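Asks: Before anything else, here's the structure in question.
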Amino acid sequence: MIRYLLRRIAAVVLILWAVSSMTFFVTLKLGDPIATLLGPRASARDREHVRRYYGLDQPTVVQYGRYMGRLVRGDLGMSYRYRRPVASLIAERFPRTLLLAVMSIVLEVTVGVALGALAAARRKTKLDSAIMAGSFLTMSMPTFITGKLFLLFIAYYAGLFPIGGYGVTALDHVYHAILPASAIALLSAAYYARLTRNELVEILQSDYIRTARAKGLSEPVIVLRHALRNALLPIVTSLGLSFGALFTGAIVTEAIFAWPGIGRLAYESISGLDVPVIVGCVIFGSVGIQAGNLIADLAYAFLDPRIRHA
Amino acid sequence: MRSILSPRLSRWFLLVLVFVTQFACKEPYTAPRFEGAGSATPVRGGTFRFAFDTDLRTLDPAQAYDELSTAVVRHLFDGLVDYDPTTGEVVPQLAERFEQAADGLSYTFYLRANLRFSDGTILDAHAVARSLERMLDPRKVPCPGTSFYHLLEGADDFAEGRAPHVRGIVVRDARTLVMRLTQRDQTFLNAMAMPFAAPVPTAYAARVGNDHFARNPIGAGPFVLEAWESGSRVVLRRNPNYWDPSRPYLDRIVVELSLARHLQFMRFQRGDMDHATNYTLNTADYLMMTEQRAWRPYLKREPDIAMYGLSMNVEVTPFQNVHLRRAVAFAIDRDSIARSRNYRIVPLGGLYPPGLPGYDAHLPGAHTYDLARARTEMRLAGYPDGYPNEIELWLTEGDAAVMYGQLIQADLRRIGIRIRLRFASFPVYLDTTQRRRAVAMSFAGWNMDFPDPSNFIDTLFHSRNISDEHAQNQSFYANPALDALLDRARIEPNRARRIAMYQEAERMLVTDAPWAFLFASTRIEVEQPYVHRGASSPVYPHEFRNTWLDLPRRPFTGNVSPR
Amino acid sequence: MSTSSQATNSSRAWLRFKRNRGALVGLVLVCVVALLALLAPALAPHPPDVPYKSRTLTSRGVPIGPERAFPLGADSLGRCELSRLLYGGRVSLAVALASTLLLAIVGTGIGIASGYFGGLTDTVLMRGVDVLLSFPFLLVCMAINKTVARPGIWVLFLVLGFLSWTGLARQVRARTMQVRSLEFVTAARALGATHSRVIFRHILPNVASLVIVLCTTLVAEMIIVESVLSYLGVGVVPPTSSWGSMLQESDPYMRSVPRLLAIPAMAITVTVVGFNLLGEGLRDALDPKS
Chain E
127 MIRYLLRRIA AVVLILWAVS SMTFFVTLKL GDPIATLLGP RASARDREHV
177 RRYYGLDQPT VVQYGRYMGR LVRGDLGMSY RYRRPVASLI AERFPRTLLL
227 AVMSIVLEVT VGVALGALAA ARRKTKLDSA IMAGSFLTMS MPTFITGKLF
277 LLFIAYYAGL FPIGGYGVTA LDHVYHAILP ASAIALLSAA YYARLTRNEL
327 VEILQSDYIR TARAKGLSEP VIVLRHALRN ALLPIVTSLG LSFGALFTGA
377 IVTEAIFAWP GIGRLAYESI SGLDVPVIVG CVIFGSVGIQ AGNLIADLAY
427 AFLDPRIRHA
Chain G
193 MRSILSPRLS RWFLLVLVFV TQFACKEPYT APRFEGAGSA TPVRGGTFRF
243 AFDTDLRTLD PAQAYDELST AVVRHLFDGL VDYDPTTGEV VPQLAERFEQ
293 AADGLSYTFY LRANLRFSDG TILDAHAVAR SLERMLDPRK VPCPGTSFYH
343 LLEGADDFAE GRAPHVRGIV VRDARTLVMR LTQRDQTFLN AMAMPFAAPV
393 PTAYAARVGN DHFARNPIGA GPFVLEAWES GSRVVLRRNP NYWDPSRPYL
443 DRIVVELSLA RHLQFMRFQR GDMDHATNYT LNTADYLMMT EQRAWRPYLK
493 REPDIAMYGL SMNVEVTPFQ NVHLRRAVAF AIDRDSIARS RNYRIVPLGG
543 LYPPGLPGYD AHLPGAHTYD LARARTEMRL AGYPDGYPNE IELWLTEGDA
593 AVMYGQLIQA DLRRIGIRIR LRFASFPVYL DTTQRRRAVA MSFAGWNMDF
643 PDPSNFIDTL FHSRNISDEH AQNQSFYANP ALDALLDRAR IEPNRARRIA
693 MYQEAERMLV TDAPWAFLFA STRIEVEQPY VHRGASSPVY PHEFRNTWLD
743 LPRRPFTGNV SPR
Chain H
20 MSTSSQATNS SRAWLRFKRN RGALVGLVLV CVVALLALLA PALAPHPPDV
70 PYKSRTLTSR GVPIGPERAF PLGADSLGRC ELSRLLYGGR VSLAVALAST
120 LLLAIVGTGI GIASGYFGGL TDTVLMRGVD VLLSFPFLLV CMAINKTVAR
170 PGIWVLFLVL GFLSWTGLAR QVRARTMQVR SLEFVTAARA LGATHSRVIF
220 RHILPNVASL VIVLCTTLVA EMIIVESVLS YLGVGVVPPT SSWGSMLQES
270 DPYMRSVPRL LAIPAMAITV TVVGFNLLGE GLRDALDPKS
């Protein structure tokens, strides 16, 4: 187990090195901090000083060396637009993105599994068909369309939620997060509902369930106690994968709901060509994805006894 | 796996559709929700809320040059001088008075007594001198505006590190400061009214670090920073030690950051925001507001001193050809572009927008939409059947530019000029369009730094501003006669004569058409009925130091008459 | 016993029937959308990028609603909304189909190579996949679209195609490994068949159904990604329309002209539903194993 973990970590480090190097070279020519910082009227002297401040007067190799050297120490460089450490920009926004991610995961799992279990328990009824049809349609609806509809109807016309933003107090943050989290969760919830139902239907036909039934256990008990646990395995895997993506994957939702998280930071830094922030967000995102993968693997190993013993 | 698709599905679709259209027809907020108590005199207290669609970058006055940073900085920092809200003249602020020497080469500022920064540090002539030097020192802060102060004697030596201080900034005594220029300059006071020149506590800035200062600013303005939640909101609180005890009226100002315009406006209509401007109002929202009778009295519009046009690089094929430039200038249907923006922009035939000294409503030869004339010019240019190659038009990103670009493209197609649109982010746009022979045509604009024609014409058309890179004169138009005229105008002390010279210069530009002048923008503002905007700065529109709220606010009846 | 098995048989048949119906509807939807897009030049009442401002915008600049000459009304610049929808569908579909084709070729190639040859080839290729998978996809698409000098349909197609083959490659690799260990393949190798012969004769036909099924749903995904990118303003360049850019343009008109939001949103949803249904139907028909 430990050797496995060590090998995994080594692979992660290698991957991160590849990702950060590629990102560095791709974005190298993307933007120059001068226009971003100094605007249209700056003097040549001021421009020169800014170039030196960001080390852009150095040859590419030196820049790359410095960048890697800093990266090892966890320093992602200085933002052009804010003239602040990228790491602290990300650190400020990460809790917000995390809140959104956690809330949407909680929503999508509870709603998805509940609907899936319901459909499986009432399989081949109208309810089952309705849930499956609804989830199919929902899965075909891009998040940014659902997000806009939520905003328009639930927040504005119905007046039930704030119109975008982040709020002030902790409770306020949660309140503000409900709509964007639901918009993100909707698609995955639909996916999980289908996954859960199909897994359950298969499991419910298996021998040990038949035994349970023969023992006279009631259907809800069978579904909840015996079948659901096993049906959750594939969900755990895909959760781990999607969790990583949520680190930066909420770009669209954050844009629609003006949620000041990492996605928004990334989006704004791309339109403002704030290269250090773009690179920082990409690296942070891939760290998130790697972490998600690792967690998924571990959780899978933990839940599935066959893998643990192997 | 089983998939279900039956008539049920289409019924579902239909249901959603009905639901959507049902709701969309019902606009819940067709009237303001609150109005004021009806107080005749200013009331102190209350929180004023507005929003911006961009994020706040910095609160260091020496670094603030974008709209939002400047807006917030102006509440935290006062300058030696400011603009009079009614006349637009430069008037004393932290300075009690100022005078210009007879030779026009030096200015003396007399500071008010007992000035302090909000943290209690003494603000005297020494503090002003040190903070000007901080701004001019490229080793300390990247200031976007040092070029406004390059005429200060010794500013160059100082910035190059050859002198410990700027020679031209002389502290005569604790309350008297003299500034000497190397040349006469009628816009120096304007430069001193810009936030770049606002005094900051330099010792504090040096202690916490200049980059850190930009997030934890201390100034001598009517407000102090209470909180800045990055990317989310900024809260300003009244400065209890402000030198003018009668100001400000408001206890707090809350600025929401990075909030898309349509969201801002939904909030405004719901009563969650107190103020909305162009920066809030989309085309569609503006229209809604004008249609709703109850809102209409609270909608204000005034000229915004900014102009837009098409810059044609006269060094690049095909725009060396003056006839082709003129053809472009006369081919664009400005009125119909203005209409698709609901006339929130006004057609403009010359360089100076309405409201700017020198604006001439009857400018001879002004650019207008005249298709016949444009076709004649195409013939004269040698392209009776249209210009054979595609021309790339550079624009910055943003909804408005996307719209203008497509309309201009369609208009120019009618005289046989094919355009390919090239949208770039602002840094790339600047970098490329300001490089020699890099771009043939760009959509450009100019928003004033201060209300003086020189700020438009010198910046954009003086050959001094041509260089291989970062050329402000992005049409690379060089005309010795124009240069000479502008140089004379810059130092001309007689205001009327000076303005006349600038108008003559504008006529040269209209004829030579290095730009096709297109339109000027207007500023549209709407406030909740209980908001008394107060006198506002003619240069910095987002300013609320004279604003007060008619509290307590009450449910809207429409009885309290708007101002 | 016999009655119950008959029942399951008939219920299976009934299920299959139902499945086919879904697939059929998907197929019809896809065909209709594809036809509309293909015939856009013939069907569109107007060129998509001509603003008919004096006819289609009211004196205050409001786009007119549906009328005879403009069946879906006008957009915010006074252009024919129907024409933009049709031409936009062309762009959205073309980008989605072309990039899916590209990713299918790349993904299948790499998946088969990796699964068939194994060893070092496999390790190198799969580590490459790991690297690519750990890029935040949308962010990288946006960043790349920013770096290129001339963004547009071509860039979009290449970026989407070259960045999204990883999932497919992994599945193809797994299937290839299964097929490779089957008896008839080992027998062919033993009889001296060349690698290329084995791959083209035996492996490819066996993974083809998997690829087709996966690709059908990937088209749907590409349509969404394209619209997201265009919505974020890094997709197609105006005046070219795509469904995503139409959605973006509709943002300010969300409340006053909800039609501008609803039309492209419906187009995207219907097309995606179509491809998903078709994909699911194909899976049941072609590749029941997965």
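Chains as they are written, first to last, in this note's numbering: chain E, 127 to 436; chain G, 193 to 755; chain H, 20 to 309. Cβ coordinates follow ideal geometry from the N, Cα and C atoms, glycine included. Remember, predicted model here, so these are calculated numbers, not experimental data.
1. Would the stretch 106–116 of chain H count as touching the stretch 149–156 of chain H if we require 3 or more Cβ pairs under 8 Å?
2. Below 7 Å on C-beta distance, what does residue 314 of chain E contact in chain G?
3. Residue 95 of chain H by DSSP, collapsed to three states: which one?
4. Using the beta-carbon of each residue, which ones in chain E are nearer than 7 Å to residue 284 of chain H?
5. Give the secondary structure of residue 276 of chain E by DSSP, where H, G and I count as helix, E and B as strand, and everything else as coil.
6. Is there a Cβ of chain E sitting closer than 8 Å to that of residue 119 of chain H, yes or no?
7. Using 8 Å for Cβ pairs, my map puts residue 91 of chain H next to residue 287 of chain H. What's the rounded Cβ distance?
8. In terms of residues, what are the limits of the alpha helix (DSSP H) holding residue 497 of chain G?
9. Tell me the rounded alpha-carbon separation between residue 345 of chain G and residue 264 of chain H.
10. Measure from the C-beta of residue 426 of chain E to each C-beta in chain H and report whether the shortest distance is under 8 Å.
11. Using the three-state DSSP reduction, which class does residue 215 of chain E fall into: helix, strand or coil?
12. Would you say the stretch 620–630 of chain G touches the stretch 694–705 of chain G, given that touching needs at least three Cβ pairs under 8 Å?
13. Which runs of the beta strand (DSSP E), 3 residues or longer, sit entirely within the stretch 514–556 of chain G?
14. Residue 589 of chain G: which of H:262, H:254, H:273 and H:70 sits nearest, CA to CA?
15. Identify the contact partners of residue 595 of chain G in chain H, using a Cβ-Cβ distance below 8 Å as the criterion.
16. Output needed in chain order: residues of the stretch 481–493 of chain G with a Cβ under 8 Å from some Cβ in chain H.
17. My guess is that residue 251 of chain G and residue 264 of chain G are in contact by the Cβ rule of under 8 Å, so how many angstroms apart are they, rounded?
18. Decide if residue 375 of chain G is buried, meaning its Cβ has at least 16 other Cβ atoms within 10 Å, or exposed.
19. For residue 221 of chain H versus residue 198 of chain H, is the C-beta spacing smaller than 8 Å?
20. Among H:280, H:298 and H:235, which residue has its Cα nearest to the Cα of residue 278 of chain E?
21. Can you list, in chain order, the residues of the stretch 72–96 of chain H whose Cβ is nearer than 8 Å to any Cβ on chain G?
22. Rounded to whole angstroms, what's the CA-CA distance from residue 108 of chain H to residue 443 of chain G? Just pull it up for me.
23. For residue 598 of chain G, decide whether its Cβ has a neighbour in chain H, counting only Cβ atoms nearer than 8 Å.
24. Three-state secondary structure (DSSP) at residue 290 of chain G?
25. Report the residue from E:179, E:196, E:417 and E:222 whose alpha carbon sits nearest the alpha carbon of residue 147 of chain E.
26. Quick check: residue 602 of chain G and residue 69 of chain H, are their CB atoms within less than 8 Å of each other?
27. Mapping the DSSP letters down to three states, classify residue 707 of chain G as helix, strand or coil.
28. Under 8 Å between the Cβ atoms of residue 666 of chain G and residue 636 of chain G?
29. In terms of residues, what are the limits of the beta strand (DSSP E) holding residue 243 of chain G?
30. Contact criterion: CB-CB distance below 8 Å. Does residue 178 of chain H meet it with respect to chain E?
31. Where residue 299 of chain H and residue 291 of chain H are concerned, what is the direct C-alpha to C-alpha distance, given to the nearest angstrom?
32. Given a limit of 9 Å on CB to CB distance, which residues of the stretch 155–170 of chain E reach chain C?
33. Could you list which residues in chain G have their beta carbon closer than 9 Å to that of residue 219 of chain E, in chain order?
34. Since residue 210 of chain E contacts residue 644 of chain G with CB under 8 Å, what's their CB separation in whole angstroms?
35. Under 8 Å Cβ to Cβ from residue 452 of chain G, same chain only, skipping five residues before and after it: list those, please.
36. Hey, does residue 274 of chain E have any beta-carbon neighbour from chain H nearer than 8 Å?
Replies: Quick look at the numbers:
1. no
2. Near residue 314 of chain E there are no residues of chain G at all, since even the closest Cβ is about 18 Å away, more than 7 Å.
3. coil
4. 271
5. helix
6. no
7. So it is not a contact: roughly 15 Å between Cβ atoms.
8. Unbroken run through residue 497 of chain G is the beta strand (DSSP E), 491–504; no alpha helix (DSSP H).
9. 53 Å
10. no
11. helix
12. no
13. 537–539
14. H:254
15. 95 and 96
16. 482
17. 6 Å
18. Only exposed fits residue 375 of chain G, as fewer than 16 other CB atoms lie within 10 angstroms of its CB.
19. By the CB criterion at 8 Å, residue 221 of chain H and residue 198 of chain H fall inside the cutoff.
20. If we check each option's Cα against that of residue 278 of chain E, H:280 comes out closest.
21. 72, 73, 76, 78, 79, 80, 81, 95 and 96
22. Computed Cα separation, rounded: 53 Å.
23. yes
24. strand
25. E:196
26. yes
27. strand
28. The Cβ atoms of residue 666 of chain G and residue 636 of chain G lie closer than 8 Å to each other.
29. Per DSSP, the continuous beta strand (DSSP E) segment holding residue 243 of chain G begins and ends at 239–243.
30. no
31. 12 Å
32. You won't find chain C in this structure, because its protein chains are E, G and H.
33. 422 and 423
34. Contact flag wrong, Cβ pair sits at about 35 Å.
35. 245
36. yes
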